[in-house]
Every structure is written in structure tokens, then in C-alpha cells.
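There are 2 protein chains.
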Amino acid sequence: MEHRIERIKKQLHAQSYKLTPQREATVRVLLEREEDHLSAEDIYLLVKEKAPEIGLATVYRTLELLSELKVVDKINFGDGVSRYDLRKEGAAHFHHHLVCMECGAVEEIVEDLLEDVEKKIEDEWQFQVKDHRLTFHGICRKCQQKNNANN
Amino acid sequence: MEHRIERIKKQLHAQSYKLTPQREATVRVLLEREEDHLSAEDIYLLVKEKAPEIGLATVYRTLELLSELKVVDKINFGDGVSRYDLRKEGAAHFHHHLVCMECGAVEEIVEDLLEDVEKKIEDEWQFQVKDHRLTFHGICRKCQQKNNANN
DNA sequence: TTATTATTTGTTAATGATTATCATTAGTTT
DNA sequence: AAACTAATGATAATCATTAACAAATAATAA
Ligand SMILES: [Mn+2]
Ligand SMILES: [Mn+2]
Ligand SMILES: [Zn+2]
Ligand SMILES: [Zn+2]
């Protein structure tokens, strides 16, 4: 944890930004809830527990900044809000998601499944891939079992 | 064109919805601009040229309805608006996109590049895939050439 | 140190996309 | 025609995000 904060601090300094207490508190929340996919509002409420004086705009600003630094990725699952997702340490590409259409659960896939596809895109479409977004919509394991039980 | 409208009409009737003049005008705009990725507002302005009396809310309602019927897919490229994209006729899955980070151009890939990946997801994650969203972010052919010329 | 300048923050107001409300219209069924 | 239902258009409401701006904080110069 401290290790990752140190690294983010360095990334900020490299662009001559500072790791202010507000920014640190925000990063800590993101680290603590790494599995989740929190909205700005969610994050704001959690940061408030650590730093009650923080303002919502600061959280938005921090998340924007962390997006620029590619510390977080901003995603949209189609409900009306943006969600912020910590990049896996050292990952070149954004990880994938499995979204259950029944229960809404979101599972992460860290393994990069798109290497072959990207090669194809670069070769056949002459498009130079920098990053990707991949989400599967379907039925999660739990819901499949639940459905089978009720039949 | 007429053929596709007929088919959409049948899909609507199958759920006992009607193809009203407003809905038809909206569908016609979507067909005429099939390559594009229009926002609700964009579509509203285009429909107004055919049917000036139409209201914005009706356009939203129609797009919502067409989404339910899977005639269109609602997507979000990260600017603040939802965009609506006609499904390719008979396609089981949503097509892919290449978004240029420099000029913003959006290219479509109709070929399904994810069959192997989906098989893997189903086998190794026990997740039953119904659909997917795949977008690549990078540099389009044109911008690559432009960049090379300037070096 | 003190004065000056640049960053960052919190509060608040503004914006802009989407949704809800509701009276009106069009279409169907008796 | 009367009664009922579905769909529409105008408008107001909602809600996430951004902008504005004065106050606080940190960095730098004098
Ligand atoms: Mn994730
Ligand atoms: Mn498309
Ligand atoms: Zn589920
Ligand atoms: Zn380009």
C-alpha cells in the first residue's frame, strides 16, 4: 500500500504535481477498494470519512488528474455515472470486465486476452493500438446456478 | 432501406408497438447515417428536417425503445453523451470500434474478432456471454501518416 | 524572514444531458 | 359516438459534472 502510494507520488512529482493530503486520501480510498468500481460520488463519501473537509470538486479534480497520469481508468457501464478503476500495477492495457445482466456483478479479468486481436488490427487495419476497452455482458456463474435451480 | 424499415416495423409489432410517423422518421435518419455515431440531440436535429413538429423527448423515447428491441446499441465514447449505433442486420453481437485519440475519427469493424476470446471466457470463467463492447483507442492510419510526414 | 507568486482547495452557481410530468392528440374497441 | 389506450410535445425537474472565484496553502524571490 505505502509502496504504491510512493510510486504514485513520484508520478505526480514527475509532472510537478504534489501529493496533497486530499489527493492522498483519495488514492487511499481507491487502493482500499481496488476491486470495486466506484463513482465520483461514492469516492467522495468514502474520502469524507478520512478527511471530512474535502469538497466534491476536489475529488473530481483528483480523479481527472489520476486519469491523465493513467493511474486510474474512467469507465462507463451504461448507468448514468462514470466509474474509476485503478490500473493494475505496471499493466500496459486496461483490464477487461464481465458484467452480469441479471445481478449487476462486475468481475475483472487481468489477463490480457486481446494480444492476437490487436496484432490483427494493426496489420489489417493499420490502426496503431494504444489501449482498449473490453466488456462482456452476460450471465455470471452464480446467476446461472440460480436459474438452473429454479427450472 | 424500405426492406429494413419493414423488418423493424415487424419487430415493433411483435411487441405490440406501432411504427408511428415519428418513429419512422427517426429510424430513417439512423439508416441514412448508419456510418455515424450520433447523439440523441444530433438525431433530433436531423429528424426535425423531415418532421419539424417532433419533440426531443419523443426522440429519446424512440431511441430507448429501439435499444430494447436491439435495433440500436447505445454507446459511450467518453465525451458526455450517449450515442446510438444501428446494429448490423442479423448481427448477434455489437460490432467493434477504433477510436483515434488524435483526430477523434471512429472506424467500425464488423467482423467478429472475439470468438476465441469468448470461448475462453465461457470455459475458464464460467461466464455465459450474451454480448460485448470492444473499443480500441489509438492512432488512425491518416494521423500516423501525418505524423510521419512531420518528422 | 517577509513579500510575492503559483497551486490547490471548498463553496457555490452554472451547465447540459436525460428523465418525469401532464395535458393533448391519435388510434382502437365497444 | 363514448370509452379506453398508446403516443406525443412542451415543459419542468433531476442529476452528474464543470466553471467561477475567493480563501488557504505551498513554493519562490527579495
Ligand atoms: Mn475493473
Ligand atoms: Mn459503430
Ligand atoms: Zn449475476
Ligand atoms: Zn486520426
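Chains as they are written, first to last, in the working numbering: chain P, 1 to 151; chain A, 152 to 302. Backbone N, C-alpha and C define an ideal beta-carbon position, used for all residues, glycine too. As the structure is a computational prediction, the values presented were derived from the model and not from experiment.
query                                                                                                                                                     : result
So does residue 105/P have its beta carbon nearer than 6 Å to some heavy atom of ligand 3?                                                                : yes
Here's the rule: buried if 16 or more other CB atoms are within 10 angstroms of the residue's CB, otherwise exposed. What is residue 78/P?                : exposed
Could you tell me which residues DSSP puts in a beta bridge with residue 133/P?                                                                           : 286/A
Tell me where the alpha helix (DSSP H) around residue 5/P begins and ends.                                                                                : 2-14
Please identify the residue among 13/P, 53/P and 7/P whose C-alpha is closest to the C-alpha of residue 31/P.                                             : 7/P
Taking the alpha-carbon positions, what's the residue 186/A to residue 283/A distance?                                                                    : 19 Å
Which value, in whole angstroms, describes the spacing of the CA atoms of residue 62/P and residue 82/P?                                                  : 14 Å
Answer yes or no: does any C-beta atom of chain P fall closer than 7 Å to that of residue 296/A?                                                          : no
Taking a cut of 8 Å between CB atoms, which residues from the region 195-229 of chain A lie near chain P?                                                 : 225, 227 and 229
State the DSSP-derived secondary structure class of residue 83/P, mapped to helix, strand or coil.                                                        : strand
Counting only beta-carbon atoms, is residue 10/P nearer than 7 Å to chain A?                                                                              : no
Which runs of the beta strand (DSSP E) at least 3 residues long sit entirely within the region 21-109 of chain P? Give them in chain order.               : 72-76, 82-86, 96-100 and 106-109
Quick one: is residue 139/P near chain A, going by C-beta distance under 7 Å?                                                                             : yes
Give me the pocket residues for ligand 1, defined as CB within less than 5 Å of any heavy atom, sorted by chain position.                                 : 85/P and 108/P
I need the boundaries of the alpha helix (DSSP H) containing residue 143/P, first residue and last residue.                                               : 141-149
Check distances from the C-beta atoms of the region 263-277 of chain A to those of chain P and list, in chain order, the residues that come in under 8 Å. : 264, 265, 267, 268, 269, 271, 272, 276 and 277
Could you tell me whether the region 158-168 of chain A touches the region 195-214 of chain A, where touching means 3 or more Cβ pairs closer than 8 Å?   : no
From 280/A, 154/A, 199/A and 287/A, pick the residue whose C-alpha is nearest to that of residue 258/A; which is it?                                      : 287/A
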